[in-house]
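Engineer:
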Amino acid sequence: MKIRKMYSKSMSVYLALATSSLVSCGKVQVKSTGGNAILVLDSTKDITITDQELTLKRLRIWKSAPNNVGPGVVSLVDSYVAEIWFRAVGDENDQYTIISDLQSDSNGDLFPSTNRPGKVYSEVGSDNNIYTYTVTAQDGFITQKYIVPSEYSSTLNFSVTNPKTNSTKFKSITELGVSEWANLYRYSFSSGGLIFSRMRLVENTTGLSTKAVCAVTKFTTATSISNTTIAAATNKLDLGSYIDTASDNQLGSTDANGKTNERSDDKLYIRYFEDWYVTGLNVNSRSVRTMRARAAGIYNSRHLKADSSATTPAESGYNKLIRECNAAAKPGSGEGGSSNIKTAYAAIDSGIPTPTQPEFGELKNVSNSDIEVHSYCAALDAATNAKDYMVSLVNAANATPPGLDCGTDWSTVNSGENQWTAANGYSQSVGSIVGLSLQYAVEQTAITASTF
74 MKIRKMYSKS
84 MSVYLALATS
94 SLVSCGKVQV
104 KSTGGNAILV
114 LDSTKDITIT
124 DQELTLKRLR
134 IWKSAPNNVG
144 PGVVSLVDSY
154 VAEIWFRAVG
164 DENDQYTIIS
174 DLQSDSNGDL
184 FPSTNRPGKV
194 YSEVGSDNNI
204 YTYTVTAQDG
214 FITQKYIVPS
224 EYSSTLNFSV
234 TNPKTNSTKF
244 KSITELGVSE
254 WANLYRYSFS
264 SGGLIFSRMR
274 LVENTTGLST
284 KAVCAVTKFT
294 TATSISNTTI
304 AAATNKLDLG
314 SYIDTASDNQ
324 LGSTDANGKT
334 NERSDDKLYI
344 RYFEDWYVTG
354 LNVNSRSVRT
364 MRARAAGIYN
374 SRHLKADSSA
384 TTPAESGYNK
394 LIRECNAAAK
404 PGSGEGGSSN
414 IKTAYAAIDS
424 GIPTPTQPEF
434 GELKNVSNSD
444 IEVHSYCAAL
454 DAATNAKDYM
464 VSLVNAANAT
474 PPGLDCGTDW
484 STVNSGENQW
494 TAANGYSQSV
504 GSIVGLSLQY
514 AVEQTAITAS
524 TF
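Heads up: the sequence shown begins at 74 in the numbering used here, then just goes up one per residue.
1) Ignore the nearest five residues each way along the sequence and tell me which others in residue 225's own chain have a CB closer than 7 Å to its CB.
2) Does DSSP classify residue 257 as helix, strand or coil?
3) With distances taken between CB atoms, is the gap from residue 263 to residue 293 smaller than 7 Å?
4) Verify whether the separation of the beta carbon atoms of residue 290 and residue 282 is less than 7 Å.
5) Applying the criterion that 16 or more other CB atoms from any shown protein chain within 10 Å of the CB defines a buried residue, is residue 520 buried or exposed?
6) Measure the alpha-carbon distance for residue 375 versus residue 208 and round it to whole angstroms.
7) By a C-beta neighbour count over all protein chains shown, 10 Å radius and 16 as the cutoff for buried, is residue 437 buried or exposed?
8) So for residue 252, helix, strand or coil by DSSP?
9) Assuming residue 152 and residue 176 make a contact with CB atoms under 8 Å, what is their CB distance in whole Å?
10) Measure how close the beta-carbons of residue 401 and residue 254 come, nearest whole angstrom, since I'm counting them as under 8 Å.
11) Hey, is residue 424's beta-carbon within less than 7 Å of any beta-carbon in chain B?
12) Beta carbon of residue 454, beta carbon of residue 389: below 7 Å?
13) Tell me the rounded alpha-carbon separation between residue 522 and residue 360.
14) According to DSSP, is residue 132 helix, strand or coil?
15) For the beta strand (DSSP E) containing residue 246, name the first residue and the last one.
16) Go ahead and label residue 355 buried or exposed: buried means 16 or more other beta carbons lie within 10 angstroms of its beta carbon, across all protein chains shown.
17) Under 7 Å between the Cβ atoms of residue 444 and residue 485?
18) Could you have a look at residue 125 and say whether DSSP puts it in helix, strand or coil?
19) When you compare each of 278, 166 and 284 to residue 513 by their alpha carbons, which one comes out closest?
20) Could you please give me the residues that DSSP links to residue 274 through a beta bridge?
21) Using C-beta distances below 8 Å, list every residue in its chain close to residue 419, excluding the 5 sequence neighbours before and after it, in chain order.
22) Whole angstroms is fine: what's the gap from residue 126's alpha carbon to residue 240's?
23) For residue 408, I'd like the list of residues in its chain whose CB is within less than 7 Å of its CB, leaving aside the five on either flank, ordered along the chain.
24) Just tell me which of 199, 212, 377 and 316 has its CA closest to the CA of residue 192.
25) What's the gap between the Cα of residue 477 and the Cα of residue 268?
26) Using the three-state DSSP reduction, which class does residue 356 fall into: helix, strand or coil?
Right, here's the structure in full:
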């Protein structure tokens, strides 16, 4: 009995030694010890940023301890780590991010060690001008920010004395008078700037939309001198993709609400690609600077859901914009006119839009083809009944009822569109979630400073 006790004691000593050893039985054992960081800020406060659909919940910042205090040398200079808790609208739980390898200036502004204030970046814009950006301490996570240039006007002269003169002016996209584009820049961020990304579907029940502009070209018929101008359009383009939720859009079918031909159960869904960024941190003022950039598909078919037996279909924002740009292109005395539609959209890489890289270009039709410049159509401008201008704009003779003869260059506007006719209402389903355009509207919020 006594021997058994001695054996038990020696075994327990052996086990105790084993658990403190670095190597035992071929396995590496990690001994946990306290870290040597100093907690310099820990604040909890619900800060709601309405236009970013974001609520900041908690900010915690750590600073590396002096090298002679901690158990080992962690950094030759003071280093900071920031932790941020937050919640995006629609999420049920808080999200969390940790940003490390930060340094501080004398004012308490934090920035990545690879993106020190004063660092200069250069970029060639689409207008072939060179744009530079100098990193600031206040927004130390931004590595690139410059305006999105857009062609504003051009004059082409084919006169005898001056055979060919081309003059083009560029303006910032923010100067086109479209309020939805007020904050659009081309951005890039250093490591840690992007704190949250998601894709979510939102039903468009409140008319969420984006705006476009009309590019109008008019030329003097006597001299063939042409001038292109860009003006903001007043109409808005609907966001989303039209979905036949119950697959009951056949003629004469009864939908989920018990209504025949009305398609009252169909929905317009927006697929948002959203990114949230921290642009700057300050440990002294306890502030976080944030922004959101997101992209959403544009509904670019020429009609929305409606009773397919009605005499007037529901008109989409896309169709209204086409009519508005056509009216703007109406030539004056001695002029010829043509029009186009341009919009700000998110560049697409591997099928996922990048809302921090907005572009400026032609709106696409439902077949994802650019709407090329089309000549002014007097018949479309004069039409007042929706059923007249929702039918074919190219081959009026074959439309039922007779449509509008707008010329063959209008084929790029309604190519692939589902046409309205009195005979069968909608010829087929108007759209589906898999049929989203490659044209995405882009939105960026202003940078907001929040204080804990």
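Quick reminder that beta carbons are idealized off the backbone N, C-alpha and C, glycines included.
Structural biologist: A quick look at the data gives this:
1) Only 242, 243, 244 and 303 meet the Cβ criterion.
2) Under the three-state reduction of DSSP, residue 257 is assigned to coil, being neither helix nor strand.
3) No, the Cβ-Cβ distance between residue 263 and residue 293 is not below 7 Å.
4) No, these two residues do not count as a Cβ contact at 7 Å.
5) Label assigned to residue 520: buried.
6) Distance between the alpha carbons of residue 375 and residue 208 is about 45 Å.
7) Buried, by the Cβ-count rule.
8) Three-state result, residue 252: helix.
9) 7 Å between Cβ atoms; contact.
10) Beta-carbon to beta-carbon, residue 401 and residue 254 are separated by about 19 Å, too far to satisfy the 8 Å threshold.
11) Absent from the structure is chain B; it holds one protein chain and no more.
12) Not closer than 7 Å, so no.
13) If you draw a straight line from the Cα of residue 522 to the Cα of residue 360, it comes to about 6 Å.
14) Note: residue 132 maps to strand in three-state DSSP.
15) Segment: none, residue 246 is in no beta strand (DSSP E) and carries neither H nor E.
16) Buried, since its Cβ has 16 or more Cβ neighbours within 10 Å.
17) It is a contact, given that the beta carbons lie within the stated cut-off.
18) Note: residue 125 maps to helix in three-state DSSP.
19) Between residue 513 and the set 278, 166 and 284, the nearest pair of CA atoms involves 284.
20) Residue 274 pairs with 344.
21) Within the same chain, residue 419 has close Cβ partners 346, 368, 426, 427, 428, 430, 431, 432, 513, 514 and 515.
22) Cα to Cα, the separation comes out at about 43 Å.
23) Closer than 7 Å at the Cβ level, and outside the excluded window around residue 408, lie 291, 292, 293 and 294.
24) Answer by Cα proximity: 212.
25) Going by the C-alpha atoms only, they are around 52 Å apart.
26) Reduced to three states, the DSSP call for residue 356 is coil.
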